[in-house]
Amino acid sequence: MEFFKPVEFQNEDKKPAIEKSEKVKCLILGSGPAGYTAAIYAARANLKPVLYTGMQMGGQLTTTTEVENFPGYPDGVTGPVMMEDMKRQAERFGAEVRFGLATDVDFSGSSHKVIIDDNTEIIASTVIIATGATARYLGIDAETRYAGMGVSACATCDGFFYRGKDVAVVGGGDTAAEEAIYLAGLCNKVYMIVRRNVLRASAAMQTRVMNTPNIEILWEHQAVDLFGENGVEGAVLVRKKGTPEEEIRRIRIDGFFLAIGHTPNSEVFRKFIDTNETGYIKTIPGSTRTNVPGVFAAGDVQDPVYRQAVTAAGTGCMAAIDAERYLAELPE
Ligand code: NDP
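Mapped onto this note's numbering, the consecutive letters of the sequence shown carry residue numbers -7 to 324.
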């Protein structure tokens, strides 16, 4: 790794005090399955990748308990263990994993500048953005109180633990509909807690929800609290909140699933990188290439649809291969 005198950063209004500058061939941002898989492939291709983990080392999987759907783990594995395994695998081939967050970027030139923690400048020939997405929560205290004890933002990850039980899904979009239908196949009963009197989900998904007998939609309801001794045993809901007909209601549930959307962690790149209207990075179909040559995106930051660890890992692999080919084609 080459250290040299810091160049002046172009974002004049921010003026971070750059203490260190470094040139790398391949910079990876994010430490979920996409970032680590990209690191494994890039390291094995001798790109000497440097990976910055972001604030939540290991990504979203570190907040799930058991992962049972990642191929190769027949007995399941916990999210944190799987992420530690991926990290070690990347380091085994020479990837350098560092704690730090991308706080600014400048992708206007032929080499790509990324500022880490406001004080370190990385000049990278290729950048792989694998910064993931963050599930939205309602913001009620109970979500933190029961984190990992009945509150989840991923039905595909955690639904299996609620077989034969009663659960609730909050939200009325396609994700909520999809998760409610998935859970209905496993659980005794699924409540959909919908804040308006309509679903935002597509017509096809709405029909599927309506045709699933063990889903009950609680229209115009909002969850305000959860209760239970050693985990979620129920939810407190308010019907028609803020109207004269307002009414408090309690339901018995073992699992409380949030499906009110995800926020892709793409904010810092949006000055240069094209995103869709909800902030997901646009990639050129069939590749991980973004609109900026040499910058690639993998995992949930570019995927509003599948959002699985295994699909994130798959696109991480693609990004490293795309980066390697991009470097190979650069003029000497
Ligand atoms: P959406 O933004 O589409 O829907 C979010 C839902 O959560 C809405 O019903 C919204 O209510 C509700 N909501 C938001 N905030 C709150 C809150 N504070 N309290 C209660 N309810 C709340 O997000 P999705 O994740 O469902 O979908 C994101 C995108 O991905 C969409 O474009 C969707 O079509 C797409 N998608 C496609 C799939 C597919 O094609 N198979 C599968 C999953 C997603 P309100 O309607 O009142 O705003």
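Yeah, the Cβ is synthetic: ideal placement off N, Cα and C, and Gly gets one too.
- Which residues mark the beginning and the end of the alpha helix (DSSP H) in which V302 is found? Taking the first residue of the sequence shown as position 1, residue 302 is located at position 310. Unbroken alpha helix (DSSP H) run through V302: A301 to E321.
- Task: Less than 8 Å between the CB atoms is what I'm expecting for V106 and A116, so what's the real figure, rounded?
- Result: Within the sequence shown, numbered from 1, the residue matching residue 106 stands at position 114. Within the sequence shown, numbered from 1, the residue matching residue 116 stands at position 124. Contact flag correct, Cβ pair sits at about 6 Å.
- Query: Under the criterion of a Cβ to heavy atom distance below 8 Å, does L93 qualify as lining ligand 1?
  - Reply: Looking up residue 93 in the sequence shown gives position 101. No; taking the cut-off as 8 Å, the Cβ of L93 has no heavy atom of ligand 1 nearer than that.
- Query: M202: buried (16+ other C-beta within 10 angstroms of its C-beta) or exposed?
  - Reply: Here the question's residue 202 lines up with position 210 in the sequence shown. Looking at its Cβ environment, which holds fewer than 16 other Cβ atoms inside 10 Å, M202 is exposed.
- Cβ-based neighbour list, R188, same chain, cut-off 8 Å, excluding 5 preceding and 5 following: Position 196 of the sequence shown, counted from the start, is the residue given in the question as residue 188. Sequence-distant partners of R188 (beyond 5 residues in either direction) whose C-beta falls short of 8 Å from its own C-beta, in its chain, are G164, W211 and E212.
- Query: Which same chain residues, not among the five before or five after V260, have their C-beta less than 7 Å away from its C-beta?
  - Reply: One-based indexing of the sequence shown puts residue 260 at position 268. Cβ neighbours of V260 beyond the five flanking positions: A94, T95, D96 and V97.
- Query: Closer than 8 Å: is that where the CB of P296 sits relative to any heavy atom of ligand 1?
  - Reply: To locate residue 296, count along the sequence shown from 1; it is residue 304. It does: the Cβ of P296 is within 8 Å (strictly closer) of some heavy atom of ligand 1.
- Message: Please classify I20 as buried or exposed, where buried requires at least 16 neighbouring CB atoms within 10 angstroms.
- Response: Locating residue 20 in the sequence shown gives position 28, counting from the first residue. The residue in question, I20, is buried, as its Cβ has 16 or more Cβ neighbours within 10 Å.
- Message: Between T136, T126, D158 and I132, which has its C-alpha nearest C146's C-alpha?
- Response: By one-based count along the sequence shown, residue 146 stands at place 154. Of the candidates T136, T126, D158 and I132, the one whose C-alpha sits nearest the C-alpha of C146 is T126.
- Query: If T118 sits next to F288, beta carbons under 8 Å apart, how far is it from one beta carbon to the other, in whole angstroms?
  - Reply: As a working note, residue 118 is residue 126 in the sequence shown. As a working note, residue 288 is residue 296 in the sequence shown. Indeed, because the Cβ distance is near 7 Å, the residues count as touching under 8 Å.
- Query: Relative to the alpha-carbon of G101, which residue among E135, P63 and F264 has its alpha-carbon at the smallest distance?
  - Reply: The count along the sequence shown starts at 1 and reaches residue 101 at position 109. Taking only the C-alpha atoms, the option nearest G101 is F264.
- Message: Let me check understanding here. Comparing Cα to Cα, which of E60, P63, D266 and R84 lies closest to F99?
- Response: For the purposes of this step, residue 99 is taken as residue 107 along the sequence shown, with counting starting at 1. That would be D266, whose Cα lies nearest to the Cα of F99.
- Query: Excluding the five sequence neighbours on either side, which residues of its own chain have a C-beta within less than 8 Å of the C-beta of P72, listed in chain order?
  - Reply: Stepping through the sequence shown from its first residue, residue 72 is reached at position 80. Around P72: G50, L53 and T54.
- In the structure shown, what three-state DSSP assignment does L175 receive? As a position in the sequence shown, residue 175 is number 183, starting the count at 1. Three-state DSSP puts L175 in a helix.
- Message: Across the segment 149 to 160 and the segment 127 to 138, are there enough close Cβ pairs to call them in contact, namely three or more that are closer than 8 Å?
- Response: Contact between the segment 149 to 160 and the segment 127 to 138 is absent, with fewer than three C-beta pairs closer than 8 Å.
- Task: Report buried or exposed for T332, applying the criterion of at least 16 other Cβ atoms within 10 angstroms of its Cβ.
- Result: A question about residue 332 goes unanswered here, because the residues of the chain that appear run from -7 up to 324.
- Query: Does the Cβ of K12 have 16 or more other Cβ atoms within 10 Å, making it buried, or fewer, making it exposed?
  - Reply: Here residue 12 is taken as the residue at index 20 of the sequence shown, counted from 1. The residue in question, K12, is exposed, as its Cβ has fewer than 16 Cβ neighbours within 10 Å.
- Query: Under a three-way DSSP split, which group does E225 fall into?
  - Reply: The count along the sequence shown starts at 1 and reaches residue 225 at position 233. Three-state result, E225: coil.
- Item | For R244, the first and last residue of its enclosing beta strand (DSSP E) | Taking the first residue of the sequence shown as 1, we reach residue 244 at position 252. Element bounds for R244: E239 to R244.
- Message: Restricting to Cα atoms, I'd like to know which of I207, A251 and T270 is closest to S258.
- Response: Here residue 258 is taken as the residue at index 266 of the sequence shown, counted from 1. Considering only alpha carbons, the answer is T270.
- Pairwise C-alpha distance: G86 and A227: Numbered from its first residue, the sequence shown carries residue 227 at position 235. Numbered from its first residue, the sequence shown carries residue 86 at position 94. If you take the alpha carbons of A227 and G86, they lie about 48 Å apart.
- From T112 to L43, what distance separates their C-alpha atoms? In the sequence shown, residue 112 corresponds to position 120, counting from 1. In the sequence shown, residue 43 corresponds to position 51, counting from 1. Approximately 13 Å, taken between the alpha carbons.
- For A256, the three-state DSSP class (helix, strand or coil): One-based indexing of the sequence shown puts residue 256 at position 264. The sequence as given places Pro at residue 256; Ala does not occur at that position. If DSSP states are grouped into helix, strand and coil, P256 belongs with the strands.
- Message: Using the Cβ count rule (16 or more neighbours within 10 Å means buried), how would you classify P205?
- Response: Within the sequence shown, residue 205 is the residue found at index 213, counting from 1. By the 10 Å Cβ count, P205 comes out exposed.
- Message: Could you check whether the Cβ of E238 sits closer than 8 Å to any heavy atom belonging to ligand 1?
- Response: Residue 238 sits at position 246 when you count from the first residue of the sequence shown. Checking every heavy atom of ligand 1 against the Cβ of E238, none is found closer than 8 Å.
- Option in Q198, N268 and E83 with minimal Cα separation from K40: As a working mapping, residue 40 is identified with position 48 in the sequence shown. The option with the nearest alpha carbon to K40 is E83.
- Query: Between A139 and V89, what straight-line distance do the alpha-carbon atoms span, to the nearest angstrom?
  - Reply: Counted from its first residue, the sequence shown places residue 139 at position 147. Counted from its first residue, the sequence shown places residue 89 at position 97. Using only the alpha carbons, I get a separation of about 28 Å.
- Query: Whose C-alpha, out of D246, G234, R241 and R231, is nearest the C-alpha of E225?
  - Reply: Within the sequence shown, numbered from 1, the residue matching residue 225 stands at position 233. Selected option, being the one with the closest Cα: D246.
- Close-in-space but distant-in-sequence residues of the same chain around A9 (CB under 7 Å, 5 per side omitted): For the purposes of this step, residue 9 is taken as residue 17 along the sequence shown, with counting starting at 1. Hits under 7 Å: N111.
- Item | Separation of L191 from P296, as counted between CA atoms | Position 304 of the sequence shown, counting from 1, holds the residue named residue 296. Position 199 of the sequence shown, counting from 1, holds the residue named residue 191. Roughly 19 Å between the two C-alpha positions.
- Message: T280 and Q294 - do their beta-carbons sit closer together than 9 Å?
- Response: Within the sequence shown, the letter at position 302 stands for residue 294. Within the sequence shown, the letter at position 288 stands for residue 280. The answer is yes: Cβ separation under 9 Å.
- Task: Classify P323 as buried or exposed, calling it buried when 16 or more other Cβ atoms lie within 10 Å of its own Cβ.
- Result: Here the question's residue 323 lines up with position 331 in the sequence shown. P323 should be labelled exposed.
- Could you tell me whether any non-hydrogen atom of ligand 2 is closer than 8 Å to the CB of I252? In the structure shown, ligand 2 is absent; the only ligands present are ligand 1.
- Message: The beta strand (DSSP E) that contains M184, what's its start and end?
- Response: Looking up residue 184 in the sequence shown gives position 192. Annotation: the continuous beta strand (DSSP E) that includes M184 extends over K181 to I185.
- Message: Counting C-beta neighbours from all protein chains within 10 Å, is the total for P236 16 or more, i.e. buried, or is it exposed?
- Response: Residue numbering aside, residue 236 sits at position 244 when the sequence shown is read from its first letter. Per the 10 Å Cβ criterion, exposed.
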